[in-house]
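Contents: one structure, followed by commentary.
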Amino acid sequence: MFSRYKKTAVFLTVLILALSGCQSVSSQKEPFVKKGFYFDTVIEIQVNGDRSEEAAKRCFEICDEIEHTFSRTRSDSELYRVNHRKEDRVQVSDDLAYVVKRGLEFYQMSEGKFDITIAPVSSLWNFKSEDPQIPEESAIKEAVKKVDASKVHVQGNTLVFDSSETMLDLGALVKGYAADKLKKCLKEYGISSAMINLGGNVMTLGNKPDGTDWSVGIQKPFSRRNEVITTVKARDCSVVSSGVYERYFEKDGVLYSHILDASTGYPANSDLWQATILSDSSLEGDGLSTVCMLLGYEKARELIDGRDGTEAIFVLDGGQLAEN
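Per the numbering used here, the very first residue in the sequence shown carries number 272; after that it's consecutive.
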């Protein structure tokens, strides 16, 4: 399913490479490209074939629906209603129940470091501020006490909470789930060639119109946007990257990344700078890329080696490409 990638220094934030001007047949229609802002990032969908504009429009409607389901901060979202529940049992949509269930699976495989109940902790950190600050240690310790995914249970479309203080944050999985849904939508419109870019989550549908694989670039960390260090050839698969430089700030020479360790409430202390996952499912790639960052290289490599149909590119702290 996946073509071989170049074994050079590799880093993250996926972006599309030279998508225009690649068609060898002059009679081919230009792809329909639509951009927007969802999931706190700029997204782009490139669709080839008949009904491309109609299909892309429906994809953006789905993005809006997903935000109304999974946003932790929007007061009109389903997740906001769950986090501000009055009872310990809450009926939820199929979408929310499924993502929570998958989140609990990633919790198990990460030894509790990936925790979808991290909302009390993540709400303390603001990595987008012009003047970001390290939260008070006492506040972090108090918030960590409320983090425990073992207190969440999924029973069909019912979420059961053992604690009234438990709050969910599904941000680490939403873009992956969205990419999978968008790909399914495009197929329903008869689309066989498309590229979905949700800012670090790339999903390819089929090949490019000329029959060649899509080129997905891996951006060099701590560098200018669009500075590519290598590429991955991909067809009909997902490419998802996570890394310490996506959102971060520095204080007194220490880098604080947005990838938080639920067991401590602080940014993860990992020997990985980056993890890129190639898989069929973007939700799978989204979860696994973050889990790998939290586990560190040795445990991450063991995890990926034990999963069929999944490949990973790891970069160690310092910039050297790990040998898989």
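Ideal placement from N, C-alpha and C gives every residue a C-beta, glycine not left out. These figures come from a predicted structure and were not determined experimentally.
- Contact between residue 414 and residue 387 is absent: CB atoms are separated by about 15 Å, not below the 8 Å threshold.
- Beta-bridge pairing by DSSP links residue 368 to no other residue.
- Check the Cα spacing between residue 505 and each of 497, 483, 458: the tightest is with 483.
- Taking C-alpha positions only, residue 522 is separated from residue 411 by approximately 17 Å.
- Between the segment 561 to 580 and the segment 453 to 462, the count of Cβ pairs shorter than 8 Å is below three; the stretches do not touch.
- Assignment of residue 379 by DSSP, reduced to helix, strand and coil, places it in the helix class.
- Excluding the 5 residues flanking it on each side, residue 568 has same chain C-beta neighbours closer than 7 Å at 542, 543, 585, 587, 593, in chain order.
- Just so you know, the alpha carbons of residue 367 and residue 476 end up roughly 25 Å apart.
- Contact check for residue 511 against residue 548 passes: the beta carbons are separated by less than 8 Å.
- Inclusion of residue 392 and residue 418 in the CB contact set at 8 Å is warranted, their separation being smaller than that value.
- Here DSSP, grouped into helix, strand and coil, assigns residue 424 to strand.
- Setting aside the 5 residues that flank it on each side, residue 303 is surrounded in the same chain by 318, 323, 324, 327, each with a C-beta closer than 7 Å to its C-beta; the list follows chain order.
- Sequence-distant Cβ neighbours of residue 353 in its own chain, meaning closer than 8 Å and more than five residues away, are 361, 363, 367, 430, 439.
- In the DSSP annotation of this structure, the continuous segment of the beta strand (DSSP E) that includes residue 543 starts and ends at 543 to 550.
- Straight across, the Cα-Cα distance linking residue 380 with residue 300 is about 45 Å.
- Inter-residue distance for residue 426 and residue 480 is about 44 Å (C-alpha atoms, whole angstroms).
- Going by C-alpha positions, residue 451 is about 39 Å away from residue 409.
- DSSP, read as helix, strand or coil, puts residue 586 in strand.
- Residue 392 sits in a helix when the DSSP states are folded into three classes.
- Residue 306 is bridged by DSSP to 315.
- Within a 10 Å sphere around the beta-carbon of residue 308 sit fewer than 16 other beta-carbons, which makes this residue exposed.
- In the displayed model, residue 562 falls within a helix according to three-state DSSP.
- The beta carbon of residue 337 is closer than 6 Å to those of 449 in its chain, skipping five residues each way along the sequence.
- Collapsing the DSSP output to three states places residue 581 in coil.
- With contacts defined by Cβ atoms closer than 8 Å, residue 469 and residue 333 do not form a contacting pair.
- One thing to note: residue 433 has its Cβ no nearer than 8 Å to the Cβ of residue 416.
- Every unbroken stretch of the beta strand (DSSP E) spanning 3 or more residues and falling wholly within the segment 504 to 546 is given here in chain order: 509 to 514, 519 to 522, 525 to 528.
- Residue 340: member of the alpha helix (DSSP H) spanning 323 to 341, first to last residue.
- Under the DSSP assignment, residue 464 falls in the beta strand (DSSP E) whose first and last residues are 464 to 468.
- For residue 576, the closest C-alpha among the options 550, 554, 557 is that of 550.
- Within the same chain, no residue comes within 7 Å of residue 570 by CB-CB distance, once the 5 residues on both sides are set aside.
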